[in-house]
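In this note's numbering, the protein residues as written are 296 to 431.
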């Protein structure tokens, strides 16, 4: 009987320790939950700020996209202008080449005419000399 009582006493002590451990664990879990709730509350408080920041970032993004579109339009315009100027330069080169060729042809024609005049003059002199020789 004393043994039974000792055994029962031991079981009760163990049961008390187990209950104390359970109570401690539950209190710890309760504290952890309170901490978690506090963190979630802080996050909830941050949500409107984050939402506002997202709106600001969205507005900035739209502005940057608008600027980017304007810059792309300007780049396209400048590229077209450059292409037009390149075409104008090519046309001017071709025109200058044609004018140069025409000038060279005119110069050649003048030289041919001068050469012909010199030949004619030369031939006249030779003929004059030949005529003088025949008369003698």
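No residue lacks a Cβ here, since even glycine has one placed at the ideal position from N, Cα and C.
Only a predicted model underlies this, so the values are computations on that prediction, with no experimental measurement involved.
Just the Cα atoms here: how many angstroms apart are residue 349 and residue 330?
Here the question's residue 349 lines up with position 54 in the chain shown. Here the question's residue 330 lines up with position 35 in the chain shown. Using only the alpha carbons, I get a separation of about 28 Å.
Does the beta carbon of residue 384 come closer than 9 Å to any beta carbon on chain C?
In the structure shown, chain C does not exist; there is a single protein chain.
Measure the C-alpha to C-alpha separation of residue 366 and residue 352 and round it to an integer number of angstroms.
Taking the first residue of the chain shown as position 1, residue 366 is located at position 71. Taking the first residue of the chain shown as position 1, residue 352 is located at position 57. Each residue's alpha carbon lies about 21 Å from the other.
Please state the DSSP three-state secondary structure of residue 296.
Here residue 296 corresponds to residue number 1 of the chain shown, with the count starting at 1. Reduced to three states, the DSSP call for residue 296 is coil.
What is the DSSP secondary structure of residue 431, counted as helix, strand or coil?
On the chain shown, residue 431 is found 136 positions in, with the first residue counted as 1. DSSP places residue 431 in coil when its eight states are reduced to three.
Roughly how many whole angstroms lie between the Cα atoms of residue 301 and residue 327?
Here the question's residue 301 lines up with position 6 in the chain shown. Here the question's residue 327 lines up with position 32 in the chain shown. Approximately 38 Å between the Cα atoms of the pair.
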